[in-house]
Amino acid sequence: MTKSKTPSGKSAKKSMKLSGHQQVVEFMDNLEHPLKEEIEEVRKIILSANKQIKEHIKWNAPSFQVENEDRITFNLHGKGFFRLIFHCGSKKQVNIGQENLFVDTTGLLEWVAVDRAIVKFTDIDDVKAKEKKLTEVITKWIEITIS
Numbered sequence: 047m048t049k050s051k052t053p054s055g056k057s058a059k060k061s062m063k064l065s066g067h068q069q070v071v072e073f074m075d076n077l078e079h080p081l082k083e084e085i086e087e088v089r090k091i092i093l094s095a096n097k098q099i100k101e102h103i104k105w106n107a108p109s110f111q112v113e114n115e116d117r118i119t120f121n122l123h124g125k126g127f128f129r130l131i132f133h134c135g136s137k138k139q140v141n142i143g144q145e146n147l148f149v150d151t152t153g154l155l156e157w158v159a160v161d162r163a164i165v166k167f168t169d170i171d172d173v174k175a176k177e178k179k180l181t182e183v184i185t186k187w188i189e190i191t192i193s
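Counting from 1 along the sequence shown, just add 46 to a position and that's the residue number in our numbering.
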């Protein structure tokens, strides 16, 4: 933030809106989490999975969107782990039936609803072991949920 003079001569903070990426960089710089390295690695995997993915902060954590629709959001509240929440954004989905959005051939997703699933990570070895399957799931999730 920069300071500027108001008409009365007093200093005032001039607020600058950060881009989504800048929000996440600032968030990560200030993050105090025992799995910060792992969180950063998963963030890199997500961003490299699809060039359309943009990041910002939602629910007090990094979140990833395509076409301005949130699709993947970190949940950093666990002890000894963190999660990725795969979701369909805040808008009600009209085409959701009684079955999961797709068949997860990777076995990585834990479905908590037909339109929401989670992936849990515990350490850097877990992140590295899941990297290829995570990229596959991200690609499929984006393909299915963005129409």
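Every residue gets a Cβ at the ideal spot worked out from N, C-alpha and C, and that includes glycine.
The structure presented is a predicted model; accordingly, all values stated were derived computationally and were not measured.
What residue range is occupied by the uninterrupted beta strand (DSSP E) comprising phenylalanine 120? Indexing the sequence shown from 1 puts residue 120 at position 74. It spans 115-121 - the beta strand (DSSP E) in which phenylalanine 120 sits, taken as one unbroken run.
Quick one: what's leucine 154 bridged to in DSSP? Counting from one through the sequence shown, the residue named residue 154 turns up at place 108. None, per the DSSP bridge assignment.
Return the chain-ordered list of same chain residues with a C-beta closer than 6 angstroms to the C-beta of glycine 66, the five sequence neighbours on each side being excluded. As a first step, residue 66 is located in the sequence shown; it is residue number 20 there, counting from the start. Same-chain partners within the cutoff: Lys100, Glu101, His102.
Taking a contact to mean a Cβ-Cβ separation below 9 angstroms, would you say glycine 126 touches proline 80 in this structure? Against the sequence shown, residue 126 aligns to sequence position 80. Against the sequence shown, residue 80 aligns to sequence position 34. Cβ distance < 9 angstroms, so glycine 126 and proline 80 count as in contact.
Would you kindly work out how many angstroms separate the C-alpha atoms of valine 149 and glutamate 189, rounded to a whole number? As a working mapping, residue 149 is identified with position 103 in the sequence shown. As a working mapping, residue 189 is identified with position 143 in the sequence shown. For valine 149 and glutamate 189, the distance between alpha carbons rounds to 13 angstroms.
Ignoring anything shorter than 4 residues, give me the alpha helix (DSSP H) runs that lie fully in the segment 146-192, in order along the chain. 170-191
In terms of DSSP beta bridges, what is lysine 104 paired with? Numbered from its first residue, the sequence shown carries residue 104 at position 58. DSSP lists Ala107 as partners of lysine 104.
What separation, rounded to the nearest whole angstrom, lies between the Cα atoms of phenylalanine 128 and glutamate 78? Locating residue 128 in the sequence shown gives position 82, counting from the first residue. Locating residue 78 in the sequence shown gives position 32, counting from the first residue. Rounded to whole angstroms, phenylalanine 128 to glutamate 78 spans 13 angstroms at the Cα level.
Are the beta-carbon atoms belonging to valine 88 and valine 158 less than 9 angstroms from one another? Translated into the one-based positions of the sequence shown, residue 88 becomes position 42. Translated into the one-based positions of the sequence shown, residue 158 becomes position 112. No, the Cβ-Cβ distance between valine 88 and valine 158 is not below 9 angstroms.
In terms of DSSP beta bridges, what is valine 112 paired with? Your numbering for residue 112 matches position 66 in the sequence shown. Answer is Glu115, bridged to valine 112.
Among Arg162, Leu180, Gly135, Glu84, nearest to lysine 116 - alpha-carbon criterion: If you number the sequence shown from 1, residue 116 lands on position 70. The question names lysine, yet the displayed sequence has aspartate at residue 116. When each option's Cα is compared against that of aspartate 116, the closest is Gly135.
Could you give the DSSP three-state label for phenylalanine 73: helix, strand or coil? Your numbering for residue 73 matches position 27 in the sequence shown. Of the three classes helix, strand and coil, the one that applies to phenylalanine 73 here is helix, per DSSP.
By alpha-carbon positions, which one of Ala95, Ile192, Gln98, Glu86 ends up nearest to alanine 107? Here residue 107 is taken as the residue at index 61 of the sequence shown, counted from 1. With distances taken between Cα atoms, alanine 107 lies closest to Glu86.
Output yes or no for whether 9 angstroms exceeds the beta carbon distance between glutamate 177 and lysine 166. Taking the sequence shown and counting its residues from 1, the one referred to as residue 177 is at position 131. Taking the sequence shown and counting its residues from 1, the one referred to as residue 166 is at position 120. Taking 9 angstroms as the Cβ cut-off, glutamate 177 and lysine 166 do not qualify as a contacting pair.
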